[in-house]
Amino acid sequence: HVDILLFSRQIYTLMKAGVPIMRALAGLQESSANPAMKNVLQDIRESLDSGRELSVSLARHPRVFVPFYLSMVRVGELTGRLEEIFLRLFDHMEFERFMREQVKSALRYPSFVIAAMVAAMFVVNIWVIPAFAQVYKGFNAELPLMTKILIGFSDFMVAWWHLILGAMAAAGIAFKSWIGTRAGRYRWDKIKLRIPIAGKIVRKATLARFARSFALASRSGVPIIQALTTVAQTVDNDFLAEKIENMRDGVERGESVLRAAIGAGVFTPVVLQMIAVGEESGSLDEMMQEIADMYQNEVEYELKTLSQQIEPILIVFLGIMVLILALGIFLPIWDLGKAAMKK
994 HVDILLFSRQ
1004 IYTLMKAGVP
1014 IMRALAGLQE
1024 SSANPAMKNV
1034 LQDIRESLDS
1044 GRELSVSLAR
1054 HPRVFVPFYL
1064 SMVRVGELTG
1074 RLEEIFLRLF
1084 DHMEFERFMR
1094 EQVKSALRYP
1104 SFVIAAMVAA
1114 MFVVNIWVIP
1124 AFAQVYKGFN
1134 AELPLMTKIL
1144 IGFSDFMVAW
1154 WHLILGAMAA
1164 AGIAFKSWIG
1174 TRAGRYRWDK
1184 IKLRIPIAGK
1194 IVRKATLARF
1204 ARSFALASRS
1214 GVPIIQALTT
1224 VAQTVDNDFL
1234 AEKIENMRDG
1244 VERGESVLRA
1254 AIGAGVFTPV
1264 VLQMIAVGEE
1274 SGSLDEMMQE
1284 IADMYQNEVE
1294 YELKTLSQQI
1304 EPILIVFLGI
1314 MVLILALGIF
1324 LPIWDLGKAA
1334 MKK
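Letter by letter, the sequence shown follows residues 994 to 1336 in the working numbering.
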């Protein structure tokens, strides 16, 4: 992704300076630090030498250049604005990279908190509770129910910790394999949008990328149906990509963009109103850009307040854990202390 980002910026700069495309590609090939990218640029040059168009030459490398990128380059060739298209693609890819990082940030903090809690539970049950259990054995007294439950759970983990870790590793591998399938990835992408707090950030970031991609395609002269088709392929969430494809199907049937967007069921009333205004005024591309900016601002705000939203939940959960451990570990000591005082 970084290589294509740099390629787009550098090819724009060279073309703006009047450097011929073949010479520009040769210069980029020599300066590239990535051997794989060097080979790609070499093949593109050879393809252009044989008389193929640039978009066709780029399409020979589908793992490097996504359909949206190829569609935009094709539009640039047809309209004679290839230089401008590369600049727009660079700006768009910068935005996409930023939004991906925002999504990762939204999921990173909750993931870290959950991992820390699981690690703490392992430490307490493997080392702390067994140490107290040895002390209680010397008391020869009846233990409270809470203490018996904690010691029983701890004994289970001590005896079977290797199987527990193996099961967790197997579950992780199975989960990774599951989301590697089309059905599994679709289901997981749908679940991600329902994760408390983080889900709404993922949704807004993904829709921001959709709106920005659609605005770029529409502004560059791509027909609406084709724009929706290519934009759906750039969305990282299969569930939302399906909704965008449903929008395209609705437009193909003759529905307005607004009606198709309402049918998708993923946009807020405010966004739908903005789409309606843009469609009525003939400035849908500008309005979609405004929608992208609005979503981006909302994502940035949500991320700034993410820790404030999670901390109360974390404090309550930790409080419950501490209460259970305190009751289970210290109740026997408290009972023995009272018995000793009576004697």
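Don't be surprised by glycine CBs; every beta carbon is placed ideally from N, CA and C. Computed from a predicted model, the values in this text were never measured in an experiment.
Self-check item: Under 8 Å between C-beta atoms of Q1289 and A1201
Solution: Counted from its first residue, the sequence shown places residue 1289 at position 296. Counted from its first residue, the sequence shown places residue 1201 at position 208. Closer than 8 Å, so yes.
Practice problem: In angstroms with no decimal places, state the Cα-to-Cα distance between P1028 and E1089. | Solution: Residue numbering aside, residue 1028 sits at position 35 when the sequence shown is read from its first letter. Residue numbering aside, residue 1089 sits at position 96 when the sequence shown is read from its first letter. Each residue's Cα considered, the two are about 25 Å apart.
Quiz prompt | Span of the alpha helix (DSSP H) around R1338 | solution = The requested residue 1338 is not part of the displayed model; the chain covers only 994 to 1336.
Quiz item: Counting pairs of beta carbons, one from the region 1257 to 1272 and one from the region 1233 to 1244, are three or more of them closer than 8 Å?
Solution: yes
Exercise. Write down every uninterrupted run of the alpha helix (DSSP H) in the region 1195 to 1222 whose length is 4 residues or greater and which is fully enclosed by it, in chain order.
Key: none
Quiz prompt | Inter-residue spacing [alpha-carbon to alpha-carbon] between E1039 and K1197 | solution = In the sequence shown, counting from the first residue as 1, residue 1039 sits at position 46. In the sequence shown, counting from the first residue as 1, residue 1197 sits at position 204. Straight-line Cα distance between these residues: approximately 42 Å.
Quiz item: Do the CB positions of L1051 and V1068 come within less than 8 Å of each other?
Solution: The count along the sequence shown starts at 1 and reaches residue 1051 at position 58. The count along the sequence shown starts at 1 and reaches residue 1068 at position 75. The answer is no: Cβ separation not under 8 Å.
Practice problem: Measure the C-alpha to C-alpha separation of P1123 and I1306 and round it to an integer number of angstroms. | Solution: Counting from one through the sequence shown, the residue named residue 1123 turns up at place 130. Counting from one through the sequence shown, the residue named residue 1306 turns up at place 313. Rounded to the nearest angstrom, the two C-alpha atoms are 29 Å apart.
Practice problem: Count the other CB atoms, across all protein chains shown, that sit within 10 Å of the CB of H1155; report buried if there are 16 or more and exposed otherwise. | Solution: Along the sequence shown, one-based indexing puts residue 1155 at 162. Exposed: under 16 other Cβ atoms inside 10 Å.
Practice problem: Indicate whether S1211 and A1204 have their beta-carbon atoms separated by less than 8 Å. | Solution: Taking the first residue of the sequence shown as position 1, residue 1211 is located at position 218. Taking the first residue of the sequence shown as position 1, residue 1204 is located at position 211. The answer is no: Cβ separation not under 8 Å.
Quiz item: At what residues does the alpha helix (DSSP H) containing P1123 begin and finish?
Solution: Locating residue 1123 in the sequence shown gives position 130, counting from the first residue. First-last of the alpha helix (DSSP H) with P1123: 1122 to 1130.
Quiz item: With respect to the alpha helix (DSSP H) encompassing S1170, which residues constitute its N-terminal and C-terminal limits?
Solution: Here residue 1170 corresponds to residue number 177 of the sequence shown, with the count starting at 1. Run containing S1170: 1138 to 1173, per the alpha helix (DSSP H) assignment.
Quiz prompt | Residue from T1072, I1078, L1071 with nearest C-alpha to S1206 | solution = The sequence position of residue 1206 within the sequence shown is 213, counting from 1. The candidate whose alpha carbon is nearest that of S1206 is I1078.
Exercise. If I'm right that I1157 touches M1150 with Cβ under 8 Å, what's the distance once you round it to whole angstroms?
Key: Along the sequence shown, one-based indexing puts residue 1157 at 164. Along the sequence shown, one-based indexing puts residue 1150 at 157. Contact flag correct, Cβ pair sits at about 7 Å.
Practice problem: Taking H994 as part of the alpha helix (DSSP H), name the residues at either end of that continuous run. | Solution: Here residue 994 refers to the residue found at position 1 of the sequence shown. Run containing H994: none; DSSP gives neither H nor E here.
Quiz prompt | Whole-number beta carbon distance between V1117 and L1296, since they are thought to touch under 8 Å | solution = Reading the sequence shown from its first residue, position 303 is the one you call residue 1296. Reading the sequence shown from its first residue, position 124 is the one you call residue 1117. In this structure L1296 is not in contact with V1117, their Cβ atoms being roughly 32 Å apart against a cut-off of 8 Å.
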